[in-house]
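Written below as structure tokens is the structure these notes are about.
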Amino acid sequence: MFVLTILINISLGSVRIEFKDIFTSIFEDSNIHFLIWRLRFPRVLMSIITGSALAIVGSVFQSIMKNPLVDPYLIGTSAGAGFGAVMALYLISSLNVSVSVPIFSFVFALLASLLTIALARKKDVIPITHLILSGVLISTVFSSGTILLINFSHRSLTNVYVWLFGSLSGITYEDLLFPFLVTILFLLFAYIKNGELDAMALGEDEAKILGVEVEKLKWILYIFGSFTISVIVSKTGIIGFVGLIIPHASRLVVGSRHKYNLIGSAIIGGIFLSFADTISRTVVAPIEIPVGVITSFVGAPLMFILLKRGGKG
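For the sequence shown, counting from 1, position 64 maps to 516 in the working numbering; every step adds exactly one.
This is how it looks when you write it as structure tokens:
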């Protein structure tokens, strides 16, 4: 399914391309070659990397915070990363200050996440409702700051909303390497720690009895996950709900053990966002809908279902 996803999403678009033409165009110097291998293929690869990264981080965050509704988008991590990226671009373009976009993105992603947790914490517990409300508050603050910065830099409102809801338009091969490496490293680290994550799912006290350094592992994964999100957001903008719904889908398919769930989340997340991006660029072609709008239409109803189930529990 994963391999077929790549072929289908390369084939679909404002210009429909047959499967056989995809392969025959590899060595041709033609318009079809340029369309497939310079425009669509890097975009499809980036959608797979982005979907996988968001899903893996969502799965890990849900485990270490023992909360099935945790998502980098909902707890403000993505909004903070977006604000940091735009601030860095503003400093570069408007004030001629040389700064690193990923570093700024990471710092504000981590700041937003910590503020959300600090606001939501009630003694040593983080209730689901408090977490969601705090995440909405922090996301609103940082998203408002993002719009303010973009207005200061004289960009059009259309570009503002496309960026705030995520877009994979204009992705090139040069944009792929760093997000790919960071995503693979985070996946490998989380996979190595899969047994400890399983133990933490039983409860922190049980995990400590089993010899897990709970607090240390939580902070390492939290900081590493925030960095991964910041790298993705600095390239694609803010794409919501993938980190919320895909880990649940993966658990339905492969179970809750992290040994399988992390890989399942990566594959299903890549498939999901790749199709979401194809829909975003084809459903009202030649106009392109921000991909985050598509994921929100799918994610918001599913979040409502999860909340209702959580309430019954």
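In this text, a Cβ means the ideal position worked out from N, Cα and C, and glycines have one as well.
N-terminal and C-terminal residue of the alpha helix (DSSP H) that TYR542 is part of: 529 to 547
Beta-carbon contacts of HIS582 that lie in its chain and below 7 Å, excluding the five residues immediately before and after: ALA572, LYS574
Collapsed DSSP secondary structure at LYS574 in the structure displayed: strand
Coarse secondary structure for ASP729, derived from DSSP in three states: helix
Sub-7 Å separation of GLY618 and ILE691 beta-carbons: yes
Rounded straight-line distance, which links the Cα of THR624 to that of ARG495: 7 Å
Beta carbon of ILE741 nearer than 7 Å to that of PHE454: no
For LEU541, the nearest candidate out of ILE488, LYS472, SER686, ASN646 (CA to CA): SER686
Alpha helix (DSSP H) segment containing LEU629, residue limits: 629 to 644
Cutoff 7 Å; reference VAL706; Cβ partners in own chain excluding five residues on either side: TYR712, ASN713, GLY716
Segment limits, alpha helix (DSSP H) that includes GLY503: 493 to 516
Supposed close pair LEU673, ALA653 - CB separation, criterion 8 Å: Going by Cβ atoms, the distance from LEU673 to ALA653 rounds to 13 Å, so no, they are not a contact pair.
CA-to-CA distance, SER678 to ILE590, given in whole angstroms: 15 Å
SER682 and PHE594 closer than 7 Å at C-beta: no
Cβ pair SER530, GLY721 closer than 7 Å: no
Proximity below 7 Å, CB of GLY695 to CB of GLY465: no
Beta-carbon proximity check, GLY528 vs ALA570, cutoff 7 Å: no
ILE712, DSSP secondary structure in three states: Correcting the residue identity first, residue 712 is Tyr in this sequence and not Ile. If DSSP states are grouped into helix, strand and coil, TYR712 belongs with the helices.
THR598 versus ALA537, ILE458, ASP729, residue with shortest Cα-Cα distance: ALA537
Reference ASN461, options VAL549, LYS668, LEU491, closest by Cα: LEU491
Closest Cα partner of ILE555 within the set ALA507, ILE675, ALA651, MET498: ILE675
For SER550 and PRO524, the rounded distance between their alpha carbons: 28 Å
8 Å Cβ shell around LEU754 - same chain, five flanking residues per side excluded: PHE693, LEU696, ILE697, HIS700
Proximity winner among ILE684, ILE488, LEU526, relative to SER748 (alpha-carbon distances): LEU526
Which listed residue (PHE632, LEU640, SER545) has its alpha carbon closest to that of SER773: Outside the shown range of the chain, which is 453 to 765, sits residue 773, and nothing can be said about it.
Where ASP473 sits in the DSSP three-state scheme: helix
Rounded straight-line distance, which links the Cα of PHE638 to that of VAL750: 26 Å
Residue environment, LEU456, which counts as buried when at least 16 other CB atoms sit within 10 Å: exposed
Spatial neighbours of SER702 in its chain, beta-carbon cut-off 6 Å, leaving aside the 5 residues before and after: ASN713, GLY716, SER717, ILE720
Local Cβ density within 10 Å of ASP627, reported as buried at 16 or more and exposed below that: buried
Three-state class that DSSP yields for THR581 in the structure shown: helix
Backbone secondary structure at VAL664 - three-state DSSP: coil
DSSP three-state assignment for ILE569, whether helix, strand or coil: helix
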